[in-house]
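Presented below is the structure to which this report refers.
2 protein chains.
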Amino acid sequence: MHKGLVVQKYGGSSVANVERIQNVAKRVVGYRKKGYDLVVVVSALGDTTDELIELASKITNEPSEREMDMLLSTGEQISVSLLAMAIHKLGYEAISFTGAQVGIITDKSHTRARIIKINADKIRRALKEGKIVIVAGFQGVTLDQDITTLGRGGSDLTAVALAKELKADECEIYTDVEGIYTTDPRIEPKAKKIQKITYDEMLEMASLGAQVMQARSIEVAKKFDVPLHVRSSFSDNNGTMIIKEVKVMEGVLLSGVTLNRHEAKVTICDVPDKPGVAAKIFKNLSEGGVSVDMIVQNVSHTRKTDLSFTVAKTELVKALKIVKRVSRNIGAGEVIEDQDIARVSVVGVGMKSHPGVAATMFGTMAEHKINIEMISTSDISISCIIQKKFAEVAVKALHNKFGLSK
Amino acid sequence: MHKGLVVQKYGGSSVANVERIQNVAKRVVGYRKKGYDLVVVVSALGDTTDELIELASKITNEPSEREMDMLLSTGEQISVSLLAMAIHKLGYEAISFTGAQVGIITDKSHTRARIIKINADKIRRALKEGKIVIVAGFQGVTLDQDITTLGRGGSDLTAVALAKELKADECEIYTDVEGIYTTDPRIEPKAKKIQKITYDEMLEMASLGAQVMQARSIEVAKKFDVPLHVRSSFSDNNGTMIIKEVKVMEGVLLSGVTLNRHEAKVTICDVPDKPGVAAKIFKNLSEGGVSVDMIVQNVSHTRKTDLSFTVAKTELVKALKIVKRVSRNIGAGEVIEDQDIARVSVVGVGMKSHPGVAATMFGTMAEHKINIEMISTSDISISCIIQKKFAEVAVKALHNKFGLSK
Numbered sequence: 034m035h036k037g038l039v040v041q042k043y044g045g046s047s048v049a050n051v052e053r054i055q056n057v058a059k060r061v062v063g064y065r066k067k068g069y070d071l072v073v074v075v076s077a078l079g080d081t082t083d084e085l086i087e088l089a090s091k092i093t094n095e096p097s098e099r100e101m102d103m104l105l106s107t108g109e110q111i112s113v114s115l116l117a118m119a120i121h122k123l124g125y126e127a128i129s130f131t132g133a134q135v136g137i138i139t140d141k142s143h144t145r146a147r148i149i150k151i152n153a154d155k156i157r158r159a160l161k162e163g164k165i166v167i168v169a170g171f172q173g174v175t176l177d178q179d180i181t182t183l184g185r186g187g188s189d190l191t192a193v194a195l196a197k198e199l200k201a202d203e204c205e206i207y208t209d210v211e212g213i214y215t216t217d218p219r220i221e222p223k224a225k226k227i228q229k230i231t232y233d234e235m236l237e238m239a240s241l242g243a244q245v246m247q248a249r250s251i252e253v254a255k256k257f258d259v260p261l262h263v264r265s266s267f268s269d270n271n272g273t274m275i276i277k278e279v280k281v282m283e284g285v286l287l288s289g290v291t292l293n294r295h296e297a298k299v300t301i302c303d304v305p306d307k308p309g310v311a312a313k314i315f316k317n318l319s320e321g322g323v324s325v326d327m328i329v330q331n332v333s334h335t336r337k338t339d340l341s342f343t344v345a346k347t348e349l350v351k352a353l354k355i356v357k358r359v360s361r362n363i364g365a366g367e368v369i370e371d372q373d374i375a376r377v378s379v380v381g382v383g384m385k386s387h388p389g390v391a392a393t394m395f396g397t398m399a400e401h402k403i404n405i406e407m408i409s410t411s412d413i414s415i416s417c418i419i420q421k422k423f424a425e426v427a428v429k430a431l432h433n434k435f436g437l438s439k
Numbered sequence: 034m035h036k037g038l039v040v041q042k043y044g045g046s047s048v049a050n051v052e053r054i055q056n057v058a059k060r061v062v063g064y065r066k067k068g069y070d071l072v073v074v075v076s077a078l079g080d081t082t083d084e085l086i087e088l089a090s091k092i093t094n095e096p097s098e099r100e101m102d103m104l105l106s107t108g109e110q111i112s113v114s115l116l117a118m119a120i121h122k123l124g125y126e127a128i129s130f131t132g133a134q135v136g137i138i139t140d141k142s143h144t145r146a147r148i149i150k151i152n153a154d155k156i157r158r159a160l161k162e163g164k165i166v167i168v169a170g171f172q173g174v175t176l177d178q179d180i181t182t183l184g185r186g187g188s189d190l191t192a193v194a195l196a197k198e199l200k201a202d203e204c205e206i207y208t209d210v211e212g213i214y215t216t217d218p219r220i221e222p223k224a225k226k227i228q229k230i231t232y233d234e235m236l237e238m239a240s241l242g243a244q245v246m247q248a249r250s251i252e253v254a255k256k257f258d259v260p261l262h263v264r265s266s267f268s269d270n271n272g273t274m275i276i277k278e279v280k281v282m283e284g285v286l287l288s289g290v291t292l293n294r295h296e297a298k299v300t301i302c303d304v305p306d307k308p309g310v311a312a313k314i315f316k317n318l319s320e321g322g323v324s325v326d327m328i329v330q331n332v333s334h335t336r337k338t339d340l341s342f343t344v345a346k347t348e349l350v351k352a353l354k355i356v357k358r359v360s361r362n363i364g365a366g367e368v369i370e371d372q373d374i375a376r377v378s379v380v381g382v383g384m385k386s387h388p389g390v391a392a393t394m395f396g397t398m399a400e401h402k403i404n405i406e407m408i409s410t411s412d413i414s415i416s417c418i419i420q421k422k423f424a425e426v427a428v429k430a431l432h433n434k435f436g437l438s439k
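Quick note, the sequences are listed as chains A and B, same order.
The first sequence lines up with residues 34 to 439 when you count with the numbering used here.
The second sequence lines up with residues 34 to 439 when you count with the numbering used here.
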């Protein structure tokens with residue numbers, strides 16, 4: 034009895050040790066028994082990736098990105114082979130593949146490659162032979178056969194891309210939490226699990242710091258309308274469905290409050306206020322492979338102005354190097370860094386039709402005497418950069434103020 | 034100044050930790066500075082392979098061989114990327130490749146694959162670009178892109194095969210000992226380093242228990258006349274040259290004494306003494322993938338005889354299963370195993386022209402009251418199976434008797 038094709042993705046914590054791998058194998062076989070075809074995408078075991086990064090850092094602090102990909106891709110190769118063995122042990126047929134083997138072809142941007150196409154014939158053939166297919170997440174291969182990785186959280190992308198390519202009936206993202214919450218429950222214990230959320234809201238939440246799913250994979254899911262089910266590999270409870278549209282009840286303003294403590298702020302002082310200067314700065318950053326997040330420049334009443342932007346802390350050294358060079362070229366002043374910042378954001382499609390969210394947000398900050406250093410808004414989110422020490426207070430206050438704790 | 038191409042192979046102990054990897058990088062760069070092109074074959078870090086095997090054994094005691102290869106091949110992938118980074122750190126260009134990437138094409142015999150051909154274009158291109166090429170040892174890939182491994186010690190084979198394919202001027206095998214010794218120095222401290230040894234002698238010594246190099250790789254080196262230099266990665270001393278012919282001085286009878294404690298003896302009792310029976314037994318073992326080593330069958334004066342053979346301990350379970358089944362079919366009796374045996378051998382091309390080596394060997398055993406359970410001879414070696422507890426006494430006695438301690 035053929036029930037359809039399910040793509041499942043298990044994150045690192047779901048396969049952190051032998052016992053958990055066996056647990057995943059049981060879950061996979063459970064679906065098989067019900068008549069589903071299965072493609073299972075797996076991340077590296079627990080902290081393997083971090084351990085490999087640590088190992089490389091003992092050798093060099095500027096590792097070649099090609100060699101990093103070569104190194105890190107071993108993590109998933111270990112977990113797929115072990116999961117295949119665990120499924121065999123339960124008496125079911127399974128076969129593991131690396132990203133290269135299943136033809137996940139990417140561009141040459143090592144450590145953050147983009148998938149160009151997937152030659153899924155090998156998977157289709159294995160499925161036809163009745164096998165459970167296990168695919169290494171996070172990795173691909175260039176047309177020159179160089180191994181690439183898709184960036185942090187790239188296994189989600191592997192799962193979504195495969196679900197799209199194979200026209201899967203469902204794409205389940207297994208993690209160590211029960212789904213998406215209105216905010217991080219470790220900060221605000223009153224946080225609630227969200228039943229359904231739109232791609233757009235999830236996208237904002239992911240890019241604003243909710244670490245459950247990688248933003249890029251939600252973009253892809255949205256683009257190809259792949260419904261996602263984010264759930265826990267440790268329970269049978271339903272998690273959070275990420276879908277195209279959610280019927281919003283009146284009064285539901287926000288989906289959640291997010292926090293990102295992994296960014297740093299860079300300020301270039303006394304930037305000459307003339308056309309093309311900002312372009313020059315951000316062109317150089319972009320060419321140097323630095324992703325800039327928020328940018329703030331004040332209107333200037335003199336000939337000079339200050340320009341601030343945020344970047345991931347991991348890219349701060351690279352960013353400072355570039356910015357200091359460009360700053361000298363354009364005749365700007367000092368470059369100041371600040372690593373003690375946090376970004377607090379509120380997200381919700383509801384705010385489109387409800388003005389006043391921004392005012393309430395800023396008012397809440399003021400009530401708690403929290404200074405707002407930068408502000409950025411989108412259609413369905415508002416973000417504030419504040420000092421890191423106020424981060425948790427701000428999250429709790431906003432979660433409460435917008436009625437998410439109820 | 035182009036000096037020629039050197040293929041170097043570094044074993045697991047030479048790259049057991051970050052410090053040792055950096056040491057290897059320095060050595061490689063040292064050759065580069067002298068003007069050599071370099072292809073460097075690397076094994077997995079220290080005990081990585083054993084740790085991965087241990088991990089798999091926690092999941093299943095009969096892992097799929099395809100999945101084992103998938104798992105184990107990650108070990109070398111980690112070491113090649115780290116070595117490339119360490120060389121970059123010293124300011125030199127290097128690029129790492131997996132077995133699959135450099136086109137080491139093998140047959141489909143997972144865990145003990147044979148190299149069919151090498152498409153070394155990628156290596157040639159990288160060398161032409163002035164890069165030091167780092168290749169993952171021990172692994173290859175089938176025409177279907179399934180990852181294979183070449184069996185224990187397979188990195189030696191990778192090095193020798195690449196040296197042949199690339200017409201290298203030298204092939205250096207780096208290990209944690211200074212070369213080949215007349216016997217294991219841990220057993221007999223008077224053991225001496227051998228300056229030069231022939232392929233044939235080395236082959237006997239390797240297959241008889243000297244674990245410095247894998248036998249198959251010496252066969253390949255012999256076949257294509259690739260001179261090998263076995264030496265230590267921890268010193269600059271010359272090691273042992275393995276070459277076609279060594280001018281033997283008068284009186285030099287033996288090259289060394291070897292010991293193998295990794296075999297078990299299987300005896301099939303009361304085998305019907307008629308044509309085709311032995312063939313049936315060993316055909317079944319061979320089809321089951323069991324490599325049999327020594328075989329002894331006594332002339333029988335009745336209609337039944339006992340037949341003994343030895344196998345690697347790792348294959349004992351498989352061998353017993355097959356032998357017990359066949360034994361029932363052919364109407365033989367009980368099957369007895371003995372794991373407490375050792376094989377002691379003397380090796381030397383000199384014995385071809387000097388009769389009496391066997392007599393001296395057996396006499397030495399008798400002097401020490403050691404019972405010989407099986408005997409096997411070749412052109413340049415004589416082996417005895419004895420009880421394991423006498424192994425070290427036998428090695429020391431033979432090493433002394435044949436004048437190797439001088």
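By construction, the Cβ of each residue, glycine as well, lies at the ideal position given by its N, Cα and C atoms.
In this text the structure is predicted, and so the values were computed from the model without any measurement.
For residue i, go through chain B and note every residue whose CB falls closer than 7 angstroms to its CB, in chain order.
i	result
Pro96 of chain A	Met118
Would you mind telling me which residues of chain A sit closer than 8 angstroms to residue i, beta carbon to beta carbon, in chain order?
i	result
Lys122 of chain B	Ile92 and Thr93
In terms of residue numbering, what span does the beta strand (DSSP E) encompassing residue i cover?
i	result
Leu261 of chain B	Leu261 to Ser265
Tyr125 of chain A	Taken as a continuous stretch (DSSP letters only), Tyr125 of chain A belongs to no beta strand (DSSP E), as it is neither H nor E.
Met274 of chain B	Thr273 to Ile276
Leu38 of chain A	Gly37 to Tyr43
Asn331 of chain B	Counting along the chain, Asn331 of chain B falls outside any beta strand (DSSP E), and DSSP gives it neither H nor E.
Thr181 of chain B	Ile180 to Thr182
Listing by chain order, which chain B residues have their CB less than 8 angstroms from the CB of residue i?
i	result
Val51 of chain A	Leu88, Lys91 and Ile92
Ile54 of chain A	Ile92
Closer than 7 angstroms by beta-carbon distance: list the chain A residues that pair up with residue i, in chain order.
i	result
Ser129 of chain B	Glu100 and Met103
So residue i contacts chain C; which residues on that side make the cut at Cβ distance below 8 angstroms?
i	result
Thr182 of chain B	Absent from the structure: chain C. Protein chains present are A and B.
How many whole angstroms separate the CB atoms of residue i and residue j, which I take to be in contact at a CB cut-off of 8 angstroms?
i	j	result
Gln244 of chain B	Gly187 of chain B	Not quite, the Cβ-Cβ distance comes to about 14 angstroms (not below 8 angstroms), so this is no contact.
Lys351 of chain A	His295 of chain A	Their Cβ separation, rounded to whole angstroms, is 15 angstroms, which puts Lys351 of chain A and His295 of chain A out of contact at 8 angstroms.
Gly184 of chain B	Thr144 of chain B	7 angstroms
Ile403 of chain A	Ile419 of chain A	5 angstroms
Ile301 of chain B	Val356 of chain B	6 angstroms
Phe171 of chain B	Asp209 of chain B	In fact, because the Cβ distance is near 17 angstroms, the residues do not count as touching under 8 angstroms.
List the residues of chain B whose Cβ lies closer than 9 angstroms to the Cβ of residue i, in chain order.
i	result
Thr107 of chain A	Ser106, Thr107, Gly108, Gln110, Ile111 and Ser114
Where do the ends of the alpha helix (DSSP H) carrying residue i lie?
i	result
Ile314 of chain B	Val310 to Glu320
Arg158 of chain B	Asp154 to Lys161
Met238 of chain A	Tyr232 to Ser240
Ala49 of chain B	Counting along the chain, Ala49 of chain B falls outside any alpha helix (DSSP H), and DSSP gives it neither H nor E.
Lys255 of chain A	Ala248 to Lys256
Thr3 of chain B	Because chain B is modelled from 34 through 439, residue 3 of chain B falls outside the range shown and cannot be assessed.
When you check each C-beta in the stretch 133–145 of chain B against every C-beta of chain A, which residues fall closer than 8 angstroms? Ala133 and Gln134
Give, in chain order, every residue of the stretch 157–182 of chain B whose Cβ lies closer than 7 angstroms to some Cβ of chain A. Gln178
Below 8 angstroms, how does it come out for the stretch 45–59 of chain A and the stretch 117–125 of chain A: are there three or more Cβ pairs, yes or no? yes
How do the stretch 391–408 of chain B and the stretch 303–321 of chain B stand: do at least 3 beta-carbon pairs fall below 8 angstroms, yes or no? no
Pairing CB atoms from the stretch 89–99 of chain A with CB atoms from the stretch 55–74 of chain A, are three or more of them under 8 angstroms? no
For the structure I just gave you, are there three or more beta carbon pairs, one from the stretch 411–422 of chain A and one from the stretch 161–177 of chain B, closer than 8 angstroms? no
Do the stretch 123–135 of chain A and the stretch 144–159 of chain B make contact, defined as three or more Cβ pairs closer than 8 angstroms? no
Cβ contact check for the stretch 67–74 of chain A and the stretch 167–178 of chain A: 3 or more pairs under 8 angstroms: yes
Would the stretch 425–438 of chain B and the stretch 373–380 of chain B be scored as touching if the rule is three or more Cβ pairs under 8 angstroms? yes
Check whether the stretch 321–339 of chain B and the stretch 258–274 of chain B touch, using three or more Cβ-Cβ pairs below 8 angstroms as the test. no
Should the stretch 175–184 of chain B be called in touch with the stretch 226–242 of chain B, which here means at least 3 C-beta pairs below 8 angstroms? no
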